[in-house]
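Worksheet for the structure shown next.
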Amino acid sequence: CLVVYEDNKFGGYGAEVAAIVAEEAFDYLDGPVTRIAGPEVPGVPYNHVLEEWFMVDAEKIAAGIRKLAAY
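Counting from 539, one number per residue, gives the positions in the sequence shown under this note's numbering.
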């Protein structure tokens, strides 16, 4: 199960979704619940270069998918 969200990884809503999936569907999972989220910083940067670093993109999602597929 891959949960993707732009919020901070710690304490974000995706963490709650991952927890519910782990609790309710653990027996049906073939691999770990994996989260891809924004980095642990106070807020979204306004600078274009830093914003690209911060935001979840297709490359980060593809890396998460490859990680799960290798499991």
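Cβ coordinates follow ideal geometry from the N, Cα and C atoms, glycine included.
Can you give me the Cβ contacts of F548 inside the same chain, cut-off strictly under 8 angstroms, excluding the 5 residues immediately before and after it?
E578
Determine the direct distance from the alpha carbon of V541 to that of R604, and round the result to whole angstroms.
14 angstroms
Please confirm whether Y615 and A575 have their CB atoms less than 8 angstroms apart.
Outside the modelled stretch of the chain, which goes from 539 to 609, sits residue 615, for which no answer is possible.
State the DSSP-derived secondary structure class of G549, mapped to helix, strand or coil.
coil
What do you get for A556, buried or exposed, if any count of 16 or more other CB atoms within 10 angstroms of its CB means buried?
buried
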